[in-house]
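To keep things clear, I will list the structure first and then write my remarks on it.
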Amino acid sequence: MRNAEVTVLGLGAMGTALAGAFLTAGHRTTVWNRTPGRAGGLTARGAMELPTAAEAVRASGLTVVCLADQEAVRQALAPLAEPLAGRTLVNLTSGSPIDARQSAGWAEQHGVHYLDGVLLTTPAGVGNPDFLQLYGGDRATFDAARDTLAALGDPVHVGTDTALPSVYDTALLGQMWGTLTGWLHGVALIGAEGPGGGVTATAYTEVADRWMTTVRAFMGQYAPQIDSGQYPGGEFTLHLHSSTMDILAHASELRGVQSGLPQLFRELTGRAIAAGHGEDSYARLVEFIKVGGPA
Ligand SMILES: NC(=O)c1ccc[n+]([C@@H]2O[C@H](COP(=O)([O-])OP(=O)(O)OC[C@H]3O[C@@H](n4cnc5c(N)ncnc54)[C@H](OP(=O)(O)O)[C@@H]3O)[C@@H](O)[C@H]2O)c1
């Protein structure tokens with residue numbers, strides 16, 4: 102949908118990228134920034150810059166706010182309750198789940214339709230449809246804003262709880278670090294023979310990339326097991342995982358690679374086996390990752 106009206110509050114690196122993507126998609130884009138003079142490139146492309154945030158909010162039914170932090174958002178929004186009433190506010194400023202619920206509470210109190218969101222990209226990636234944006238809040242509000250937000254990437258509604266995008270963001274970053282650290286462990290293990298002797302990281306990664314298809318299939322298989330609380334081990338039980346982890350730990354020691362990661366795997370798996378779950382699948386470990394789970 103072209104020609105939607107959208108306002109962007111905040112023209113830092115991210116806000117400027119957001120406004121630029123809305124312009125690229127053909128939307129009538131209004132911008133405001135606390136410090137004037139940052140909209141030059143955007144106004145040259147057709148954006149309208151207004152001197153106050155209240156005027157900018159009144160120019161569109163949909164306002165996107167992206168400031169340095171949530172304290173800045175609270176300060177900027179405090180005088181905007183009246184112009185925002187009956188309009189939609191999308192907050193793309195990074196923050197905690199508590200921040201998200203506070204902002205949602207403020208919006209509800211003032212009759213503002215509210216979505217909290219996270220962009221899983223840097224400013225350079227804004228506008229690329231391959232990048233996810235996650236939103237939480239009222240479904241009808243999301244559905245109404247969806248086509249306009251699609252200018253920024255691929256918008257996904259993760260639930261009505263406005264705290265969810267922030268939790269997803271943190272969980273996904275944790276998964277990224279877990280995956281990248283596992284990959285680095287593999288690179289170090291394969292290439293540990295040093296220059297000239299080992300396999301290059303590039304060669305290893307070509308194989309590792311294909312292996313991720315298998316890892317993805319395991320995730321797809323295990324998620325319903327976790328949801329149902331049933332963990333049939335099939336052909337790949339925790340006993341089998343455990344013996345393979347022992348080989349990984351041994352190989353790491355032999356090849357001068359830190360053993361912290363294999364030890365973590367072994368510790369979790371060992372506890373699950375000791376609790377009688379050796380014939381279960383790897384998904385059973387979710388219970389042992391939780392604080393307050395089985396000892
Ligand atoms: N950059 C990234 O790679 C990236 C990626 C994902 C998420 N984010 C998130 O996006 C948000 C914005 O990041 P950014 O990189 O655009 O930051 P930035 O370049 O530092 O810009 C900060 C913006 O906040 C405004 N601001 C600060 N305090 C304010 C206040 N009290 N009232 C009104 N405006 C205020 C600044 O206005 P002035 O120009 O007047 O100072 C500026 O427009 C952050 O929450 C960040 O975590 C950024």
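Under the numbering used here, the letters of the sequence shown match residues 102 to 396, in that order.
Cβ atoms here follow ideal geometry from the backbone N, Cα and C, with glycine treated the same way.
Just so it is clear, the structure is predicted and the values come from calculations on it, not from any experiment.
Ala376 places its beta carbon less than 7 Å from that of Pro395. Comparing alpha-carbon positions, the option among Leu233, Thr130, Ser382 lying closest to Leu273 turns out to be Leu233. Those residues that have a beta carbon less than 6 Å away from any non-hydrogen atom of ligand 1 are, in order along the chain, Gly111, Leu112, Gly113, Ala114, Met115, Gly116, Asn134, Arg135, Thr136, Arg139, Cys167, Leu168, Ala169, Asp170, Ala173, Gln176, Ala177, Thr194, Ser195, Leu220, Thr223, Pro224. If you ignore the 5 residues before and after Ala251, its C-beta comes within less than 8 Å of the C-beta of Ala126, Pro230, all in its own chain and listed in chain order. With contacts defined as CB atoms closer than 7 Å, Gly162 and Arg129 fail to qualify as a contacting pair.
Using a Cβ-Cβ distance cut-off of 8 Å, the segment 149-156 and the segment 255-270 are not in contact, since fewer than three pairs of beta carbons, one from each stretch, lie closer than that value. In this structure, Met149 places its C-beta atom within 7 Å of the C-beta atom of Thr131.
Residue burial annotation: Arg385 is buried, with at least 16 other C-beta atoms found within 10 angstroms of its C-beta. For His258, the uninterrupted beta strand (DSSP E) segment begins and ends at 255-260. In the DSSP annotation of this structure, the continuous segment of the beta strand (DSSP E) that includes Gln234 starts and ends at 233-238.
Thr164 is bridged by DSSP to Thr108, Leu190. Restricting attention to beta strand (DSSP E) runs no shorter than 3 residues, the segment 261-301 encloses none.
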